[in-house]
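Here the sequence shown stands for residues 6 to 508, where the numbers follow UniProt numbering.
Don't be surprised by glycine CBs; every beta carbon is placed ideally from N, CA and C.
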Amino acid sequence: DTITLKNIASHCKEYGFIYPSSEIYDGLGATYDYGPYGSELKNNIKEYWWKAMVRMNENIVGIDAAIFMHPTTWKASGHVDAFNDPLIDNKDSKKRYRADVLIEEQIAKIEGKIAKEVNKATKRFGDAFDKDQFVATNPRVIKYTEQIADIESRMKSAIEAGDLEALKQLIVDLDIADPVSGSRNWTDVRQFNLMFSTELGSVAGEAGKIYLRPETAQGIFVNYLNVQKTSRMRLPFGIAQIGKAFRNEIIARQFIFRMREFEQMEMQFFIKPGTEMEWYDHWKNQRIKWHKALGLGEENYRFHDHLNLAHYANAACDIEFNFPMGFKELEGIHSRTDFDLSAHEKHSGKKLQFFDNEMNESYVPYVLETSIGLDRMFLAVMSAAYTEEKLEDGSERTVLKIPPALAPVKVAVLPLVNKDGLPEKAEEIMKAVKLDFNAQYDAKDAIGKRYRRQDAIGTPYCVTVDHQTLEDNTVTIRERDSMAQQRVSVPELIATLDDKVNI
Ligand code: ATP
């Protein structure tokens with residue numbers, strides 16, 4: 006059976022990964038709370054990213070900027086003016102959508118048709134099949150590709166011109182139906198701002214209005230000179246940050262894929278103008294390698310190059326992941342030019358330049374950005390890990406095949422039975438392993454049931470203490486995915502586990 010987002014959401018709730026926010030009050034739209042295992046997994050994902058970015062690159066340093074920023078920040082970034090999203094309501098279902106997202110979903114459908122043609126041809130021609138040539142020459146695929154290019158160019162020019170009628174016309178021409186009701190009875194397209202606002206201190210009204218940041222990037226840009234000077238960096242260098250961002254999203258119904266409060270892991274890499282394509286390729290490569298090294302399945306990733314560029318970018322792509330609802334954006338890689346730093350120079354009146362000794366001149370650096378949603382990464386891990394298995398003896402198990410480095414609990418220590426001195430011995434082992442790993446002790450219920458519980462939270466190793474342990478000081482280690490058991494001596498235990506679970 007295919008796994009759905011619903012399966013994953015209910016497993017996450019049942020096993021303490023994620024709960025709807027304020028559930029006793031029936032929840033709050035598109036807001037979720039991470040439970041005990043969820044927060045462990047989330048922390049491990051952060052650490053895995055932070056290590057790859059900050060520890061492994063001598064020219065990348067981290068910061069932790071405030072969520073509140075001076076309101077002019079959002080004028081400079083373009084969020085106050087240009088980022089007003091075009092919205093359309095369906096008159097029958099009363100649902101509200103982002104017009105550009107509706108159109109992009111239509112593009113994704115056509116992309117799906119292309120993928121189908123390619124798959125069919127691959128089956129027909131086997132190894133000898135040249136995909137690029139097929140895509141370039143097959144009349145049906147050419148027609149689809151032209152359709153996509155046409156839609157993208159119409160959408161781009163409508164958005165750039167702020168022409169809401171043209172966007173509405175595109176929705177009509179593409180015969181887009183409301184995904185909920187199937188109705189085509191739409192209102193006009195209107196602009197809407199995704200930023201949450203509040204008031205600073207006692208200053209009421211427009212003067213005191215501040216925003217919850219809709220992206221973490223701006224905290225990095227406004228600190229660019231502070232960080233460059235205090236960490237004595239020279240170009241090229243990067244600043245990394247993990248933190249919350251807030252967007253009053255309109256379509257928010259895909260579990261943690263699109264939330265109103267979420268976390269981003271962003272890195273802005275400051276470079277010499279003119280070198281951006283080189284660095285764009287570099288970071289595309291680095292980031293896809295990072296993903297693939299995790300072992301969630303290489304076939305689950307693909308790049309999606311943007312033809313339709315945001316106003317701040319001169320090249321951009323997404324790394325898409327194969328979520329239960331199909332391939333969707335997980336991470337964005339953007340060549341942002343000097344758009345942000347120049348805009349902050351203009352609005353603040355402060356120079357944000359770098360003095361290049363070799364060139365003997367100052368310039369505003371260009372920026373290459375990698376931006377990944379922590380919660381989306383969490384969902385990617387869950388989507389790849391969640392498995393329902395039928396075992397040889399006819400029984401079933403639900404197992405989370407989370408990469409051991411990310412697993413919330415690394416090892417469970419289980420006395421085979423809750424008597425005969427086994428619990429005492431197991432507790433002694435627990436005391437030793439918990440210094441090195443997040444470990445869990447469990448003595449309740451039959452051993453099979455306890456294995457299933459650990460499978461369901463993705464614990465990669467179970468250490469079982471039995472009567473033989475008392476005689477020769479050995480235990481069995483059961484591996485989650487294969488369920489294979491191996492006997493090791495207690496003194497060897499930590500080294501054996503260490504090899505397997507560390508980031
Ligand atoms: P989308 O097109 O899906 O709205 P975006 O292109 O607006 O995303 P960016 O502004 O590039 O996203 O943000 C970078 C990353 O932040 C995205 O790749 C995604 O992983 C994450 N992200 C953005 N919006 C949300 C959200 N509402 N909930 C969870 N994660 C998000």
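- If you look at E170, you'll find it isn't in any beta strand (DSSP E); it sits in the alpha helix (DSSP H) that goes 169-178.
- The beta carbon of S207 sits closer than 8 Å to the beta carbons of G213 from its chain, once the five residues preceding and following it are set aside; these are given in chain order.
- Between the beta-carbon of L357 and that of E350 there is about 5 Å, and that keeps the pair under the 8 Å contact cut.
- Residue pairing by DSSP places N253 in no beta bridge whatsoever.
- For V85, same chain residues with a beta-carbon under 6 Å away, outside a window of 5 residues either side, are W79 in chain order.
- Relative to the non-hydrogen atoms of ligand 1, the Cβ of G337 comes within a distance shorter than 7 Å of at least one.
- V468 sits in a strand when the DSSP states are folded into three classes.
- A straight line joining the alpha-carbon of M58 with that of R195 spans about 40 Å.
- M364 has its Cβ no nearer than 7 Å to any heavy atom of ligand 1.
- A113 and W284 have their C-alpha atoms spaced approximately 28 Å apart.
- No Cβ-Cβ contact shorter than 8 Å links M270 with I407.
- Pairing L314 with A320, the inter-Cα distance amounts to about 7 Å.
- Boundaries for Y229: no beta strand (DSSP E) harbours it, while the alpha helix (DSSP H) harbouring it runs 229-235, taken from the DSSP string.
- DSSP lists E394 as the beta-bridge partner residues of R402.
- With a threshold of 7 Å, the Cβ atom of Q196 does not count as near ligand 1, since no heavy atom of the ligand is closer than that.
- The C-alpha of H287 is placed about 32 Å away from the C-alpha of E254.
- Taking 7 Å as the cut-off, the C-beta of M58 does not count as close to any heavy atom of ligand 1.
- At a cut-off of 7 Å, the beta-carbon of E157 does not count as near ligand 1: no heavy atom of the ligand is closer than that.
- Excluding residues up to 5 positions away in sequence, nothing lies with its Cβ nearer than 6 Å to the Cβ of A500 in the same chain.
- Listed in chain order, the non-local C-beta contacts of D323 below 6 Å within the same chain comprise H309, E334, G337, local neighbours out to five positions each way being set aside.
- Listed in chain order, the non-local C-beta contacts of S494 below 7 Å within the same chain comprise N478, T479, local neighbours out to five positions each way being set aside.
- Between D90 and F262, the C-beta gap is not smaller than 8 Å, which leaves the two residues out of contact.
- Here DSSP, grouped into helix, strand and coil, assigns T375 to strand.
- DSSP places R103 outside any alpha helix (DSSP H); the residue lies instead in the beta strand (DSSP E), whose first and last residues are 101-103.
- Residue nearest to N48 within the set G131, P413, G279 is P413 (criterion: CA-CA distance).
- Annotated three-state conformation of F274 is strand, per DSSP.
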